[in-house]
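Counting in my numbering, the sequence shown runs from 1 upward without gaps.
All C-beta atoms in this analysis are idealised placements derived from N, C-alpha and C, irrespective of residue type, glycine included.
Since this is a predicted model, take the numbers as computed values, not measurements.
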Amino acid sequence: MLREGSPTFIPFKVALVADPQVVISHLADCRTEIDKRDDVEFTLLAGDLTDRSLRREFEWVAKILAEFRRPVLTVVGNHDGLLYGEEIYTKMFGPLNYSFIYNGVKFIMWNNNTYEWGYPNFQWLETEINSYPKVVMVAHQPPGSIDRYEEVNTIWRELYKNPHVLGSISGHLHNWGIQNIYGKPAITLARVTDTNWGIAELTEAGLTFQKCKGSTCVDYPMPAQ
Numbered sequence: 001m002l003r004e005g006s007p008t009f010i011p012f013k014v015a016l017v018a019d020p021q022v023v024i025s026h027l028a029d030c031r032t033e034i035d036k037r038d039d040v041e042f043t044l045l046a047g048d049l050t051d052r053s054l055r056r057e058f059e060w061v062a063k064i065l066a067e068f069r070r071p072v073l074t075v076v077g078n079h080d081g082l083l084y085g086e087e088i089y090t091k092m093f094g095p096l097n098y099s100f101i102y103n104g105v106k107f108i109m110w111n112n113n114t115y116e117w118g119y120p121n122f123q124w125l126e127t128e129i130n131s132y133p134k135v136v137m138v139a140h141q142p143p144g145s146i147d148r149y150e151e152v153n154t155i156w157r158e159l160y161k162n163p164h165v166l167g168s169i170s171g172h173l174h175n176w177g178i179q180n181i182y183g184k185p186a187i188t189l190a191r192v193t194d195t196n197w198g199i200a201e202l203t204e205a206g207l208t209f210q211k212c213k214g215s216t217c218v219d220y221p222m223p224a225q
C-alpha cells in the first residue's frame, strides 16, 4: 500500500510501464529491472492491462503486479473495458477515476477511453487539478489520440495551461513519444515489449522523463515549442 510520504514537496522518482496486453510476460521483465533500483518510490501502469478484458488476463497481470517490490498503481485502458471488463477491473484494481498524493504531488488517474465509457468526466478532472498546487495527469490515451469526440483533445490540451499541471503520462500508442504542451511534457510510453519502461522525476524545476530498455535509461527531453 502506498503511503502519502511527506506532506510537503520532496523530489522523487516514479517508474512507468504501459500496455502489457498480449505481452504480459514482458511486464515481469520490467518488474525485474525496476526492482533492481532503489531510487524509485512506486510504479504507474498507464492502461491496457489486458487485451480482451478476460478475467484470466486480469489475474495474470495482478499476479505480476503483486510481486513488485514497491506499490503499483494503475489507470484503466480501452482494452480493459470490453465485455465485463469494467466490473472485473473495478473489483480488482479500484475506481476508474481516482487520485492520490505523494510527497506533495497529486497524481490524477483519469479514464479517457471514449469508445468504451463515453465522454470523459472533465468536471471531475478540473476539480482535481484546481484543488492541489502540483498535479500530474495519468490517462491511457495521450493528447491528440482520441478520435471519438475529437474536441476532447482540445479541451484536454487547454488544461495544460493551468499552473498546477506539471505534465502527463500515457500509453496506448505502443511507441515512445513526447509532446510539449504549453511548456509541459506529455509523455507516451512504449509498450513493455523488449523491456521498455520509463522514469518520471519530480523536482523543484518540474517534471522530466527518462526512457529505459532493460537496465539502460537515457534522458527523454520534451521538444521546443
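Please determine, among ARG31, MET137, ALA28 and ARG52, the residue with the shortest C-alpha to C-alpha distance to GLN21.
-> On the sequence shown, residue 21 is found 21 positions in, with the first residue counted as 1. Out of ARG31, MET137, ALA28 and ARG52, ARG52 has the C-alpha closest to the C-alpha of GLN21.
ASP80 by DSSP, collapsed to three states: which one?
-> Stepping through the sequence shown from its first residue, residue 80 is reached at position 80. Reduced to three states, the DSSP call for ASP80 is helix.
Looking at C-alpha atoms only, which residue of ASN103, LEU189 and ASN162 is the closest neighbour of GLU128?
-> Residue 128 sits at position 128 when you count from the first residue of the sequence shown. Nearest of ASN103, LEU189 and ASN162 to GLU128, Cα basis: ASN162.
What do you reckon, are the CB atoms on GLY230 and HIS140 nearer than 8 Å?
-> Nothing can be reported for residue 230: it is not among the residues displayed for the chain, which extend from 1 to 225.
C-alpha gap between GLU40 and PRO185, whole angstroms = Within the sequence shown, numbered from 1, the residue matching residue 40 stands at position 40. Within the sequence shown, numbered from 1, the residue matching residue 185 stands at position 185. First, the residue type needs correcting, since residue 40 is Val and not Glu in the sequence shown. The straight-line gap from Cα to Cα measures roughly 20 Å.
Segment contact, 8 Å Cβ cut-off, at least three pairs: the stretch 27–42 with the stretch 53–72 | yes
Identify every residue that forms a DSSP beta bridge with LEU45.
-> Counting from 1 along the sequence shown, the entry for residue 45 is found at position 45. For LEU45, which the question treats as bridged, DSSP gives the partners VAL17 and THR74.
From what residue to what residue does the beta strand (DSSP E) around GLN179 run?
-> Position 179 of the sequence shown, counted from the first residue, corresponds to residue 179. Counting along the chain, the beta strand (DSSP E) containing GLN179 begins and ends at 177–181.
Taking all protein chains shown into account, do 16 or more other C-beta atoms lie within 10 angstroms of the C-beta of GLN225, making it buried, or fewer, making it exposed?
-> Indexing the sequence shown from 1 puts residue 225 at position 225. Result: exposed.
Tell me whether the beta-carbon of GLU68 lies closer than 8 Å to the beta-carbon of THR50.
-> Locating residue 68 in the sequence shown gives position 68, where the first residue counts as 1. Locating residue 50 in the sequence shown gives position 50, where the first residue counts as 1. It is worth fixing the name first, because residue 68 is Phe in this sequence and not Glu. No, these two residues do not count as a Cβ contact at 8 Å.
Could you tell me the boundaries of the alpha helix (DSSP H) in which MET92 lies?
-> Here residue 92 corresponds to residue number 92 of the sequence shown, with the count starting at 1. Taken as a continuous stretch (DSSP letters only), the alpha helix (DSSP H) holding MET92 covers 85–93.
Where does TYR102 land, buried or exposed, given buried means 16+ other C-beta within 10 angstroms?
-> Numbered from 1 along the sequence shown, position 102 holds the residue referred to as residue 102. So TYR102 counts as buried.
Who are the near neighbours of THR195 in its chain, counting only those whose CB is closer than 7 Å to its CB and skipping five residues on each side?
-> Along the sequence shown, one-based indexing puts residue 195 at 195. Taken in chain order, the residues that qualify are HIS26, ASP29, CYS30, GLU33, LYS213 and GLY214.
Please confirm whether TRP197 and ALA15 have their CB atoms less than 8 Å apart.
-> Residue mapping note: residue 197 aligns to position 197 of the sequence shown, counting from 1. Residue mapping note: residue 15 aligns to position 15 of the sequence shown, counting from 1. Cβ distance < 8 Å, so TRP197 and ALA15 count as in contact.
Cα-Cα separation, ILE199 to LEU45 | Taking the sequence shown and counting its residues from 1, the one referred to as residue 199 is at position 199. Taking the sequence shown and counting its residues from 1, the one referred to as residue 45 is at position 45. Rounded to the nearest angstrom, the two C-alpha atoms are 12 Å apart.
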